[in-house]
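Student: Protein sequences appear in the order of chains A, B, C and D. Following our numbering, the numbering of the first sequence begins with 1 at its first residue and continues without gaps. Following our numbering, the numbering of the second sequence begins with 1 at its first residue and continues without gaps. Following our numbering, the numbering of the third sequence begins with 1 at its first residue and continues without gaps. Following our numbering, the numbering of the fourth sequence begins with 1 at its first residue and continues without gaps.
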Amino acid sequence: MEIDVLTFGQITDIIKETKLKISGAENTDELIKLLENNYPALQSNKYSIAVNKKIIQENTQLQHQDTVAILPPFSGG
Amino acid sequence: MEIDVLTFGQITDIIKETKLKISGAENTDELIKLLENNYPALQSNKYSIAVNKKIIQENTQLQHQDTVAILPPFSGG
Amino acid sequence: MEEKRGHTIFIDGPINPGFIAEAIAKHSHKKNIGAHSIFLGQVRSDKIGNEEVAAIEYTTYREMAEEKFHDIREDAFKKFSIICMHIYHSLGIVKAGEISLFVFTSSIHRKDAIDTCEAIVERIKKEVPVWGKEIFTNENSQWKTNT
Amino acid sequence: MEEKRGHTIFIDGPINPGFIAEAIAKHSHKKNIGAHSIFLGQVRSDKIGNEEVAAIEYTTYREMAEEKFHDIREDAFKKFSIICMHIYHSLGIVKAGEISLFVFTSSIHRKDAIDTCEAIVERIKKEVPVWGKEIFTNENSQWKTNT
Numbered sequence: 001m002e003i004d005v006l007t008f009g010q011i012t013d014i015i016k017e018t019k020l021k022i023s024g025a026e027n028t029d030e031l032i033k034l035l036e037n038n039y040p041a042l043q044s045n046k047y048s049i050a051v052n053k054k055i056i057q058e059n060t061q062l063q064h065q066d067t068v069a070i071l072p073p074f075s076g077g
Numbered sequence: 001m002e003i004d005v006l007t008f009g010q011i012t013d014i015i016k017e018t019k020l021k022i023s024g025a026e027n028t029d030e031l032i033k034l035l036e037n038n039y040p041a042l043q044s045n046k047y048s049i050a051v052n053k054k055i056i057q058e059n060t061q062l063q064h065q066d067t068v069a070i071l072p073p074f075s076g077g
Numbered sequence: 001m002e003e004k005r006g007h008t009i010f011i012d013g014p015i016n017p018g019f020i021a022e023a024i025a026k027h028s029h030k031k032n033i034g035a036h037s038i039f040l041g042q043v044r045s046d047k048i049g050n051e052e053v054a055a056i057e058y059t060t061y062r063e064m065a066e067e068k069f070h071d072i073r074e075d076a077f078k079k080f081s082i083i084c085m086h087i088y089h090s091l092g093i094v095k096a097g098e099i100s101l102f103v104f105t106s107s108i109h110r111k112d113a114i115d116t117c118e119a120i121v122e123r124i125k126k127e128v129p130v131w132g133k134e135i136f137t138n139e140n141s142q143w144k145t146n147t
Numbered sequence: 001m002e003e004k005r006g007h008t009i010f011i012d013g014p015i016n017p018g019f020i021a022e023a024i025a026k027h028s029h030k031k032n033i034g035a036h037s038i039f040l041g042q043v044r045s046d047k048i049g050n051e052e053v054a055a056i057e058y059t060t061y062r063e064m065a066e067e068k069f070h071d072i073r074e075d076a077f078k079k080f081s082i083i084c085m086h087i088y089h090s091l092g093i094v095k096a097g098e099i100s101l102f103v104f105t106s107s108i109h110r111k112d113a114i115d116t117c118e119a120i121v122e123r124i125k126k127e128v129p130v131w132g133k134e135i136f137t138n139e140n141s142q143w144k145t146n147t
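#1: Within the same chain, show all residues whose beta-carbon is closer than 7 Å to that of I20/C, passing over the 5 residues directly before and after it, in chain order.
#2: Check the Cβ-Cβ distances between R110/C and every residue of chain D, and say whether any is below 8 Å.
#3: From the DSSP output, read off the bridge partner residues of E2/B.
#4: Less than 8 Å between the C-beta atoms of V121/D and Y58/D, yes or no?
#5: Can the beta-carbon of T67/A be found less than 8 Å from the beta-carbon of L20/A?
#6: May I have the straight-line CA-CA distance separating V43/C from A96/C, to the nearest angstrom?
#7: Below 8 Å, can you find three or more Cβ-Cβ pairs linking the region 10 to 30 of chain D to the region 79 to 87 of chain D?
#8: With respect to the alpha helix (DSSP H) encompassing Q142/C, which residues constitute its N-terminal and C-terminal limits?
#9: Just the chain C side, please: which residues come within less than 7 Å of T28/D by C-beta, in chain order?
#10: What three-state label does DSSP hand H64/B in the structure shown?
#11: Please classify Q42/C: does DSSP put it in a helix, a strand, or coil?
#12: Under 8 Å, with one C-beta from each stretch per pair, do the region 22 to 42 of chain B and the region 32 to 49 of chain A reach the 3-pair mark?
#13: Measure the C-alpha to C-alpha separation of A54/C and P17/C and round it to an integer number of angstroms.
#14: Starting from the C-beta of K4/C, find all residues in its chain whose C-beta is less than 6 Å away, skip the five residues before and the five after it, and write them out in chain order.
#15: Answer with yes or no whether the minimum CB distance from T145/C to chain D is below 8 Å.
#16: With the cut-off set at 8 Å, would you say L62/A and I3/A are in Cβ contact?
#17: Starting from V94/C and walking both ways along the beta strand (DSSP E), at which residues does that stretch end?
#18: Return yes when the Cβ of A25/D is within less than 8 Å of the Cβ of A113/D, no when it is not.
#19: Using a Cβ cut-off of 8 Å, pull out every chain A residue sitting near M64/D, in sequence order please.
#20: What residues match up with S37/D in a beta bridge as DSSP calls it?
#21: Does the ligand ATP have even one heavy atom less than 7 Å from the beta-carbon of E22/D?
#22: Closer than 9 Å between beta carbons: that is the criterion. Which residues of the region 29 to 58 of chain C meet it against chain D?
#23: Just to confirm, is the Cβ distance from F8/B to K126/C under 8 Å?
#24: Please list, in chain order, the chain B residues whose beta carbon lies closer than 8 Å to that of Y88/C.
#25: Can you pull the DSSP bridge partners for D12/C?
#26: When you compare only the Cα positions, how much space is there between I11/C and V128/D?
#27: With DSSP collapsed to three states, give me the class of M1/D.
#28: Would you call N138/C buried or exposed, if buried means 16 or more other Cβ atoms sit within 10 Å of its Cβ?
#29: Less than 8 Å between CB atoms is the rule here; does I6/B satisfy it with respect to chain C?
#30: Between A41/B and I22/B, how many whole angstroms is the CB-CB distance? I'm expecting something under 8 Å.
#31: Does any C-beta atom of chain C lie closer than 8 Å to the C-beta of S23/B?
#32: If you measure beta-carbon to beta-carbon, which residues of the region 113 to 129 of chain D are closer than 7 Å to chain C?
#33: What residue from T147/D, D46/D, W143/D, Y61/D has the CA that sits closest to H89/D's CA?
#34: Classify D81/C as helix, strand or coil using the three-state DSSP reduction.
#35: For H109/D, which of G41/C, S37/C, I15/C, A23/C has the nearest alpha-carbon?
#36: First and last residue of the beta strand (DSSP E) that includes G132/D?
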């Protein structure tokens, strides 16, 4: 199972890529653990998670080819 | 003692003048009574009174050459 | 010290969109402004029976209106944290679809501009001696009443 | 039936006052409109130490932002009695003093346009995935945080 991970703003500064392909995460908690292991600086950053463009509040099961976005606090306007 | 009376909007339609000189009114109550006598249609109209550009809520003593404005409800904007 | 700018100007006839654009553009050098709030009053062609409003003719008690606009401006600068504010009101004929009132407030943070603009519009409607006469398509007319 | 118009468009670079004037002018044929409310966000040259903000560079998660703008628009038409609404947001570089956000609501009576405009601005700030990077006069940069 492969997930597309998108990064934005400060998160891109940490991960250095705007798009990653990640395998081996069944749900968002596992995905976050995996990312925070690979990019420890993530742990000190605030962000929210969107699965297929919807922000999630709880651990969410992932499907093959889901798009997960790591969103730092919005600052538009 | 002479008072300048200014009229606006619907009030001008009744009094037919934008400016009157009125003598013989010591205070605003007397002035209103005098005007309503001369122009009975005034009695069925809503209006407020400004003495020297300040709206008054109570009977107010008048001085020679005061300006009293008869103001129908505002409808600017 | 912050320069507190404010103009209140009666405009003969409608307020043109180009004039509004110029007013906005003039604020680009005030680099502490983060938010502008604008209110525009547009003349509606309300229907009454078979007739509709073609235009409104505005008149004022100018000396009193100017004092009142001055008070509104002073109070706004005392009560709200704004950088500048401008009020323009039409006199004379303004046709349906044209703009007769332009209130423009600017501040560092959005809430101040928004709250001030709304408060000013309410005060103008209630406290400024301006009268609108609705002129219908058949040339009849009636005095407008504000809600 | 009322035509419910709405556009949400990302604009490359600043939003020009002339564009705002054109947007206003386009509403003069909608003769049931009595009130317009406009919010403009302008880039501030905030000072941090000896440096000040020269520009903000905006980026977005476009697919999600467009869905969110769509939801905001749908909700506004459900909740408020408005005739039309438009939202424009800049992407890319917007210099201090230039405009990056333009929210424009129109209604029969003033309260609807004013309340809707304010509610939309709040939702955009909180819910739309746009990020501003403040670029300082010395070319350093930092990510903007909304208050």
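Cβ coordinates follow ideal geometry from the N, Cα and C atoms, glycine included. Every value quoted in this text rests on a predicted model; they were computed, and no experiment measured them.
Tutor: In brief:
#1: Here residue 20/C refers to the residue found at position 20 of the third sequence. Excluding residues within five positions, the ones whose Cβ falls inside 7 Å are F102.
#2: On the third sequence, residue 110/C is found 110 positions in, with the first residue counted as 1. Judged by the 8 Å Cβ criterion, R110/C is in contact with chain D.
#3: For the purposes of this step, residue 2/B is taken as the residue at position 2 of the second sequence. According to DSSP, which records beta bridges pairwise, E2/B is partnered with S23/B.
#4: The residue labelled residue 121/D in the question sits at position 121 within the fourth sequence. The residue labelled residue 58/D in the question sits at position 58 within the fourth sequence. No, the Cβ-Cβ distance between V121/D and Y58/D is not below 8 Å.
#5: Taking the first sequence and counting its residues from 1, one reaches residue 67/A at position 67. Taking the first sequence and counting its residues from 1, one reaches residue 20/A at position 20. No, these two residues do not count as a Cβ contact at 8 Å.
#6: Position 43 of the third sequence holds residue 43/C. Position 96 of the third sequence holds residue 96/C. Between V43/C and A96/C, the C-alpha separation is close to 5 Å.
#7: Per the Cβ contact rule, the region 10 to 30 of chain D is in contact with the region 79 to 87 of chain D (3 or more Cβ pairs under 8 Å).
#8: Residue mapping note: residue 142/C aligns to position 142 of the third sequence, counting from 1. According to the DSSP assignment, Q142/C belongs to no alpha helix (DSSP H) but to the beta strand (DSSP E) extending over 141 to 143.
#9: Locating residue 28/D in the fourth sequence gives position 28, where the first residue counts as 1. According to the sequence as given, residue 28/D is Ser; it is not Thr. Going along chain C in sequence order, the residues near S28/D (Cβ under 7 Å) are G97, E98.
#10: The count along the second sequence starts at 1 and reaches residue 64/B at position 64. Looking at H64/B - three-state DSSP - the assignment turns out to be coil, as it is neither helix nor strand.
#11: Taking the first residue of the third sequence as 1, we reach residue 42/C at position 42. Looking at Q42/C - three-state DSSP - the assignment turns out to be strand.
#12: Taking 8 Å as the limit for Cβ pairs, the verdict is that the region 32 to 49 of chain A does not touch the region 22 to 42 of chain B.
#13: Position 54 of the third sequence, counted from the first residue, corresponds to residue 54/C. Position 17 of the third sequence, counted from the first residue, corresponds to residue 17/C. C-alpha separation (whole angstroms): 20 Å.
#14: Counting from 1 along the third sequence, the entry for residue 4/C is found at position 4. Only weak support is given to the placement of K4/C: the predicted model assigns it a pLDDT of 47, under 50, and the value that follows is read from those uncertain coordinates. The answer, listed in chain order, is F77.
#15: Within the third sequence, the letter at position 145 stands for residue 145/C. Not closer than 8 Å to any Cβ of chain D, the Cβ of T145/C fails to qualify, so no.
#16: Counting from one through the first sequence, the residue named residue 62/A turns up at place 62. Counting from one through the first sequence, the residue named residue 3/A turns up at place 3. In this structure, I3/A lies closer than 8 Å to L62/A by Cβ.
#17: Looking up residue 94/C in the third sequence gives position 94. Its beta strand (DSSP E) spans residues 84 to 95.
#18: Stepping through the fourth sequence from its first residue, residue 113/D is reached at position 113. Stepping through the fourth sequence from its first residue, residue 25/D is reached at position 25. No, these two residues do not count as a Cβ contact at 8 Å.
#19: In the fourth sequence, counting from the first residue as 1, residue 64/D sits at position 64. Against chain A, the beta carbon of M64/D has neighbours under 8 Å at A50, K53, A69, listed in chain order.
#20: Locating residue 37/D in the fourth sequence gives position 37, where the first residue counts as 1. BP columns for S37/D point to F39/C, T105/D.
#21: With respect to the ligand ATP, the structure offers nothing, as it holds no ligand at all.
#22: Taking 9 Å as the Cβ-Cβ cut-off against chain D, the residues of the region 29 to 58 of chain C that qualify are H29, K30, K31, N32, I33, G34, A35, H36, S37, I38, F39, L40, G41, Q42, V43, R44, S45, D46, E52, V53.
#23: The residue labelled residue 8/B in the question sits at position 8 within the second sequence. The residue labelled residue 126/C in the question sits at position 126 within the third sequence. One thing to note: F8/B has its Cβ no nearer than 8 Å to the Cβ of K126/C.
#24: The residue labelled residue 88/C in the question sits at position 88 within the third sequence. Near Y88/C there are no residues of chain B at all, since even the closest Cβ is about 11 Å away, more than 8 Å.
#25: Taking the third sequence and counting its residues from 1, the one referred to as residue 12/C is at position 12. In the DSSP output, where bridge partners are listed per residue, D12/C has L91/C.
#26: Indexing the third sequence from 1 puts residue 11/C at position 11. Indexing the fourth sequence from 1 puts residue 128/D at position 128. Rounded to whole angstroms, I11/C to V128/D spans 39 Å at the Cα level.
#27: Locating residue 1/D in the fourth sequence gives position 1, counting from the first residue. At M1/D, the pLDDT of 35 sits below 50, so the modelled position is not reliable and the matter cannot be decided from this model.
#28: On the third sequence, position 138 is the one that residue 138/C refers to. Exposed, by the Cβ-count rule.
#29: As a first step, residue 6/B is located in the second sequence; it is residue number 6 there, counting from the start. Per the sequence shown, residue 6/B should be read as Leu rather than Ile. Yes, because at least one Cβ of chain C sits closer than 8 Å to the Cβ of L6/B.
#30: In the second sequence, counting from the first residue as 1, residue 41/B sits at position 41. In the second sequence, counting from the first residue as 1, residue 22/B sits at position 22. Their Cβ separation, rounded to whole angstroms, is 17 Å, which puts A41/B and I22/B out of contact at 8 Å.
#31: Translated into the one-based positions of the second sequence, residue 23/B becomes position 23. Closer than 8 Å: no.
#32: Listed in sequence order: I114, E118, V121.
#33: In the fourth sequence, the residue the question calls residue 89/D occupies position 89. Considering only alpha carbons, the answer is Y61/D.
#34: Taking the third sequence and counting its residues from 1, the one referred to as residue 81/C is at position 81. Here the sequence assigns Ser to residue 81/C, which means Asp is not the residue at that position. Residue state for S81/C is assigned as coil, using DSSP reduced to three classes.
#35: The residue given as residue 109/D occupies position 109 in the fourth sequence. With distances taken between Cα atoms, H109/D lies closest to G41/C.
#36: Position 132 of the fourth sequence, counting from 1, holds the residue named residue 132/D. Taken as a continuous stretch (DSSP letters only), the beta strand (DSSP E) holding G132/D covers 130 to 136.
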